[in-house]
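So the protein lines, in turn, are chains A and B. Residue numbers for the first sequence follow our numbering, so the first one is 16 and each next one is one higher. Residue numbers for the second sequence follow our numbering, so the first one is 16 and each next one is one higher. The beta carbon of each residue, even a glycine, is placed where N, CA and C say it ideally should be. Just below is one structure, and these are the notes that go with it.
Protein chains: 2
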Amino acid sequence: MNSPAEWRKEIREGRWRNPTAGLAPGYAQANLVVVPEDYAYDFLLFCQRNPKPCPLLDVTDPGDPVPRYAAPGADLRTDLPRYRVYRDGELVEEPSEVSGLWRDDLVAFLLGCSFTFEAALLRAGVPVRHLECGCNVPMYVTRVACRPAGAFAGPLVVSMRPVPVHQLARVFEVCARYPRAHGTPVHVGDPAALGIRDLVRPDFGDPVPVRGGEVPVFWACGVTPQAAAAAARLPFMIAHSPGHMFLTDLRDEDLGWE
Amino acid sequence: MNSPAEWRKEIREGRWRNPTAGLAPGYAQANLVVVPEDYAYDFLLFCQRNPKPCPLLDVTDPGDPVPRYAAPGADLRTDLPRYRVYRDGELVEEPSEVSGLWRDDLVAFLLGCSFTFEAALLRAGVPVRHLECGCNVPMYVTRVACRPAGAFAGPLVVSMRPVPVHQLARVFEVCARYPRAHGTPVHVGDPAALGIRDLVRPDFGDPVPVRGGEVPVFWACGVTPQAAAAAARLPFMIAHSPGHMFLTDLRDEDLGWE
């Protein structure tokens, strides 16, 4: 099984409930954020004003569960292995499909994710520590404020990957090709510059070692918009469950600017 | 006089009513589209779905005439040398300021413009024919449909610049650096592939000669969103007058993806 469509069918039919990392290599996976139409403009504007943490791939029309651009044959109500449902900003359930919760005023946003540039880094011979360790990438809430938009505001959340200093240029060259997968790093080096106190205590995910000759490199993280949406205490919101992404029909290489 | 702020002051105080090409070199100029809040979501979504013709630089909050990101010290009601005012899709006046027409429900969109990549092409030694000829760039309505968004739909409008075949790669390399200034060309060669019948009869602007050893190269054009907005027959819309752009504080080099 290789194509995103085949994997989405497996997921839709309940045969795959696990994280999606490594599925359908070469195809872009996406973060999902679903908000009521009343909040869609503010969220879309938040993404426009914060393109590195919020690289938009597709936005559905109200009530339409089909991402017409990113995967015309998919159904966002059933094609992710696990969802998170928020009411008034609180996580209330983590179901494996949301057909029963779907409403005709819901707008779905798909955002590029780090899997795209991590695969490209590996192809380029750059190690990705959390994959070596078999754990989640460490994520940190920074003191860098996102540009607010209506109901949505909050700090930039970043992910960290240690990079051998001699491969820094390569990392920027590779990531510059994927502006719709968070693009180039937002910071290199001293975590304090972002207001991060202690690398071994990430706010999300797992800590990873930074070895001799390596420097911590920080990327804008897709948790940023989810955190801003949760902080906005929307009456209702659906998102993917961490690591349980949506498999698009877009190739990783489509995540440049067409 | 060199800085965008100095030029905006000249314009605001009525001392400059001419086209803005060549003013404040090195700084990005922008297309302006102002629509009522009721249409802002659809227009923002239209831009998200059609990033090459509609590369968003900034979106103001309703009623706010200040582009907080692109030029925090500017006033969009007075700082362009000439505006176009549309009612029900019809051009009704072309004033030199719109303070008296401003409303607290207006949302302004600033979009990157071709001046940015034309300056970069000249720096790279690529000739720009319409500048050599001292005329407007030729623009054509294509049979390529934009991805619609709510009230907004319509064909892609392109601009054409003849390029010596041996400089094609250079053109793509240069333009790839400016995704927020229409980015890379959308087509090279046969105009018929875009549904363009006759290069010597552009829909807007002036025809330019394609010489021996040159190939016509087509870029997505900022007229596209204005045409879609006019076709949507919005009750009210303000745009810049062709060639009379807004001078931002952003450098041309900022029009990559930050």
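Self-check item: Proximal residues of chain B, C-beta to C-beta of Ala55/A below 8 Å
Solution: One-based indexing of the first sequence puts residue 55/A at position 40. Per Cβ cutoff of 8 Å: Tyr56.
Practice problem: Check each residue of the stretch 57 to 77 of chain A: if its Cβ is closer than 9 Å to any Cβ of chain B, include it; give the result in chain order. | Solution: Leu59, Leu60, Cys62, Gln63, Arg64, Pro66, Lys67, Pro70, Leu71, Asp73, Val74, Asp76
Practice problem: Scan the stretch 193 to 215 of chain B for residues whose Cβ lies nearer than 7 Å to a Cβ of chain A and list them as they occur along the chain. | Solution: Pro194, Gly198
Quiz prompt | Below-7 Å beta-carbon distance, Trp234/A vs any chain B residue | solution = Indexing the first sequence from 1 puts residue 234/A at position 219. Not one chain B Cβ lies under 7 Å of Trp234/A.
Self-check item: For Leu47/A: DSSP bridge partner residues
Solution: On the first sequence, position 32 is the one that residue 47/A refers to. Leu47/A is bridged to Leu125/A.
Quiz item: Around the C-beta of His197/B, are 16 or more other C-beta atoms found within 10 angstroms, so that it is buried, or is it exposed?
Solution: In the second sequence, the residue the question calls residue 197/B occupies position 182. So His197/B ends up on the buried side.
Quiz item: Under a CB-based cut-off of 7 Å, is Trp272/B close to chain A?
Solution: Mapped onto the second sequence, residue 272/B falls at position 257. Output row for Trp272/B: interface = yes.
Quiz item: Whose C-beta lies closer than 7 Å to the C-beta of Arg248/A among residues of the same chain, with five residues either side of it excluded?
Solution: Residue 248/A sits at position 233 when you count from the first residue of the first sequence. Contacts found: Asp103, Gly104.
Quiz prompt | As assigned by DSSP and simplified to three states, the class of Asp73/A | solution = Within the first sequence, the letter at position 58 stands for residue 73/A. Strand, per DSSP.
Exercise. Run down chain B in chain order and give the residues with a C-beta less than 9 Å from the C-beta of Arg162/A.
Key: Here residue 162/A refers to the residue found at position 147 when the first sequence is read from its first residue. Ordered by position in chain B, the residues that pass the 9 Å Cβ test against Arg162/A are Arg83, Tyr84.
Quiz item: If you compare alpha carbons, which of Thr157/A, Pro240/A, Ala244/A, Phe58/A is closest to Val201/A?
Solution: If you number the first sequence from 1, residue 201/A lands on position 186. Minimum Cα distance to Val201/A is reached at Thr157/A.
Exercise. Taking 7 Å as the cut-off, decide whether the C-beta atoms of Leu95/B and Ala85/B are in contact.
Key: Walking along the second sequence from the start, residue 95/B turns up at place 80. Walking along the second sequence from the start, residue 85/B turns up at place 70. In this structure, Ala85/B does not lie closer than 7 Å to Leu95/B by Cβ.
Practice problem: Just confirm the distance between the C-beta atoms of Ala134/A and Arg185/A, as a whole number of angstroms; I'd bet it's less than 8 Å. | Solution: Taking the first sequence and counting its residues from 1, the one referred to as residue 134/A is at position 119. Taking the first sequence and counting its residues from 1, the one referred to as residue 185/A is at position 170. That belief does not hold up - the Cβ atoms of Ala134/A and Arg185/A are roughly 15 Å apart, past 8 Å.
Quiz item: Which residue or residues does DSSP assign as beta-bridge partners of Ser174/B?
Solution: In the second sequence, counting from the first residue as 1, residue 174/B sits at position 159. Paired residues: Met154/B, Trp234/B.
Exercise. Evaluate His181/A with the Cβ neighbour count: other Cβ atoms within 10 Å of its Cβ, from every protein chain shown; 16 or more gives buried, anything less gives exposed.
Key: As a first step, residue 181/A must be located in the first sequence, where it is residue number 166. Burial call: exposed.
Practice problem: Would you mind giving the Cβ-Cβ distance between Val152/A and Thr239/A, rounded to the nearest angstrom? I have them listed as a contact below 8 Å. | Solution: Mapped onto the first sequence, residue 152/A falls at position 137. Mapped onto the first sequence, residue 239/A falls at position 224. Not quite, the Cβ-Cβ distance comes to about 14 Å (not below 8 Å), so this is no contact.
Quiz item: Where do the N-terminal and C-terminal ends of the beta strand (DSSP E) with Ala254/A fall, by residue?
Solution: For the purposes of this step, residue 254/A is identified with residue 239 of the first sequence, where counting begins at 1. Where Ala254/A is concerned, the enclosing beta strand (DSSP E) stretches over 252 to 255.
Self-check item: Cβ-Cβ separation, Ala246/B to Gly149/B (assumed contact under 8 Å), whole Å
Solution: What you label residue 149/B is simply residue 134 of the second sequence in a count that begins at 1. What you label residue 246/B is simply residue 231 of the second sequence in a count that begins at 1. Contact doesn't hold; Cβ gap of about 31 Å is too wide.
Quiz item: Which whole-angstrom value describes the C-beta separation of Tyr101/A and Glu109/A, a residue pair presumed to lie in contact below a C-beta threshold of 8 Å?
Solution: Here the question's residue 101/A lines up with position 86 in the first sequence. Here the question's residue 109/A lines up with position 94 in the first sequence. Contact doesn't hold; Cβ gap of about 11 Å is too wide.
Self-check item: Rounded straight-line distance, which links the Cα of His259/B to that of Thr35/B
Solution: Within the second sequence, residue 35/B is the residue found at index 20, counting from 1. Within the second sequence, residue 259/B is the residue found at index 244, counting from 1. Distance between the alpha carbons of Thr35/B and His259/B is about 5 Å.
Quiz item: CB Val225/B to CB Arg176/B, shorter than 7 Å?
Solution: Indexing the second sequence from 1 puts residue 225/B at position 210. Indexing the second sequence from 1 puts residue 176/B at position 161. Pairing Val225/B with Arg176/B gives a Cβ-Cβ distance that is not under 7 Å.
Self-check item: Rounded Cβ spacing between Arg92/B and Pro80/B (contact assumed at less than 8 Å)
Solution: Position 77 of the second sequence holds residue 92/B. Position 65 of the second sequence holds residue 80/B. That belief holds up - the Cβ atoms of Arg92/B and Pro80/B are roughly 5 Å apart, short of 8 Å.
Quiz item: Which residue's Cα is closest to the Cα of Val122/B: Pro250/B, Tyr56/B, Ile26/B?
Solution: For the purposes of this step, residue 122/B is taken as residue 107 along the second sequence, with counting starting at 1. Nearest of Pro250/B, Tyr56/B, Ile26/B to Val122/B, Cα basis: Tyr56/B.
Practice problem: Would you kindly work out how many angstroms separate the C-alpha atoms of Pro217/A and Gly237/A, rounded to a whole number? | Solution: Taking the first sequence and counting its residues from 1, one reaches residue 217/A at position 202. Taking the first sequence and counting its residues from 1, one reaches residue 237/A at position 222. If I take the Cα positions, the gap works out to 15 Å.
Practice problem: Count the other CB atoms, across all protein chains shown, that sit within 10 Å of the CB of Val107/A; report buried if there are 16 or more and exposed otherwise. | Solution: Locating residue 107/A in the first sequence gives position 92, where the first residue counts as 1. Counting Cβ neighbours within 10 Å, Val107/A comes out exposed, since fewer than 16 surround it.
Quiz item: Does the Cβ-Cβ distance between Cys161/A and Leu126/A come in under 7 Å?
Solution: Here residue 161/A is taken as the residue at index 146 of the first sequence, counted from 1. Here residue 126/A is taken as the residue at index 111 of the first sequence, counted from 1. Not closer than 7 Å, so no.
Exercise. In angstroms with no decimal places, state the Cα-to-Cα distance between Asp76/B and Leu47/A.
Key: For the purposes of this step, residue 76/B is taken as the residue at position 61 of the second sequence. For the purposes of this step, residue 47/A is taken as the residue at position 32 of the first sequence. Cα-Cα distance, rounded: 26 Å.
Self-check item: Beta carbon of Phe61/B nearer than 7 Å to that of Val50/B
Solution: As a first step, residue 61/B is located in the second sequence; it is residue number 46 there, counting from the start. As a first step, residue 50/B is located in the second sequence; it is residue number 35 there, counting from the start. Between Phe61/B and Val50/B, the CB-CB gap reaches or exceeds 7 Å.
Quiz item: According to DSSP, which residues form a beta bridge with Arg99/B?
Solution: Translated into positions along the second sequence, residue 99/B becomes position 84. Arg99/B is bridged to Ala254/B.
Quiz item: Which one or two residues does DSSP pair with Arg212/B in a beta bridge?
Solution: Position 197 of the second sequence, counted from the start, is the residue given in the question as residue 212/B. Answer is none; Arg212/B lacks a bridge partner.
Exercise. Tell me where the beta strand (DSSP E) around Arg23/B begins and ends.
Key: Taking the first residue of the second sequence as position 1, residue 23/B is located at position 8. No beta strand (DSSP E) contains Arg23/B, which is instead part of the alpha helix (DSSP H) from 19 to 27.
Quiz item: Is the Cβ-Cβ distance between Leu146/A and Arg195/A less than 7 Å?
Solution: Here residue 146/A is taken as the residue at index 131 of the first sequence, counted from 1. Here residue 195/A is taken as the residue at index 180 of the first sequence, counted from 1. Cβ distance not < 7 Å, so Leu146/A and Arg195/A don't count as in contact.
Quiz item: What does a CB cutoff of less than 7 Å around Leu38/B pick up in its chain, not counting 5 residues either side in sequence?
Solution: Residue mapping note: residue 38/B aligns to position 23 of the second sequence, counting from 1. Cβ neighbours of Leu38/B beyond the five flanking positions: Trp22, Leu262.
Quiz item: Which residue comes first and which comes last in the alpha helix (DSSP H) that contains Phe261/A?
Solution: Taking the first residue of the first sequence as position 1, residue 261/A is located at position 246. Run containing Phe261/A: none in the alpha helix (DSSP H); it sits in the beta strand (DSSP E), 261 to 266.
Self-check item: CB-CB length for Pro179/B against Glu112/B, believed under 8 Å
Solution: Start at 1 with the first residue of the second sequence, and residue 179/B comes out as number 164. Start at 1 with the first residue of the second sequence, and residue 112/B comes out as number 97. That pair is no contact at about 42 Å.
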